[in-house]
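In this note's numbering, the protein residues as written are 2 to 203. All residues carry an ideal CB built from backbone N, CA and C; glycine is no exception. Shown next, in structure tokens, is the structure this report addresses.
Below is the structure:
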């Protein structure tokens, strides 16, 4: 049991060290285009100038081993400017030797390094560069961000709505998008509220 705990602590220390190395490499690669860093052993966060992001994503994939785009989303920071942040969660998965519990044998275990990258996007020109050429899975995720936040992705092969219907106006995850809701009917006003709702016609 102690050997297993020691191995777990050792693997955590190795991951934390690798995460620090990733941050150092990012600083060296980006220079002034790295706007800020939040160091964390679980999810280090880098805020990167969008003009260098595609090049940086290729560096992360090819040099640092971040082969997996886990997710891609956005945040509306209204009333701040830049208003939006496009957020990328990346993972580097490596196999390491690890003891098998209850035996003297060793086997393979996965070690996962995680990295969060944020790219600020202005409200005046809500456009980011597409990373579909680096991470093909970004295709559908960029379409979702475009649909729900109205952020366009330059170079995307097929940028169109993916969640909302084609005739929909606006982008529902923007903070200034009008709220739609249905009034709750209580016993005192149920007849009036239900009477004003559209009904299907046979």
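Range covered by the alpha helix (DSSP H) that runs through residue i
i	result
residue 57	54 to 63
residue 145	139 to 150
residue 191	191 to 196
The beta strand (DSSP E) enclosing residue i, as first and last residue numbers
i	result
residue 129	128 to 130
residue 210	For the chain, the structure presents residues 2 to 203; residue 210 sits outside this window and is missing.
Beta-carbon contacts of residue i that lie in its chain and below 8 Å, excluding the five residues immediately before and after
i	result
residue 195	186
Contact check, residue i vs residue j, beta carbons under 9 Å
i	j	result
residue 34	residue 53	yes
residue 121	residue 36	yes
residue 142	residue 46	no
residue 164	residue 145	yes
residue 124	residue 84	yes
residue 71	residue 119	no
residue 177	residue 154	no
residue 158	residue 133	yes
residue 50	residue 79	no
Sequence-distant residues of its chain with Cβ nearer than 6 Å to residue i (five each side left out)
i	result
residue 94	111 and 113
residue 17	42
residue 201	Here residue 201 scores only 48 on pLDDT, less than 50, and its place in the model should not be relied on; the value that follows carries that caveat. None.
residue 109	96
residue 90	71, 72 and 117
residue 1	Residue 1 lies beyond the stretch modelled for the chain, which goes from 2 to 203, so this question has no answer here.
Beta bridge counterpart(s) of residue i as assigned by DSSP
i	result
residue 119	48 and 88
residue 93	114
residue 76	86
residue 153	128
residue 37	48
residue 16	Per DSSP, none; premise fails for residue 16.
residue 69	92
Closer than 9 Å to chain B by CB, residue i
i	result
residue 148	Among the chains of the structure shown, chain B does not appear; only one protein chain is present.
Residues of its chain near residue i, where Cβ-Cβ distance is below 7 Å and the 5 sequence neighbours each way are ignored
i	result
residue 151	127, 172 and 175
residue 65	23, 26 and 93
residue 67	61, 91, 92, 93 and 116
Meets three-Cβ-pair contact criterion under 8 Å: the segment 37 to 44 and the segment 131 to 138: no
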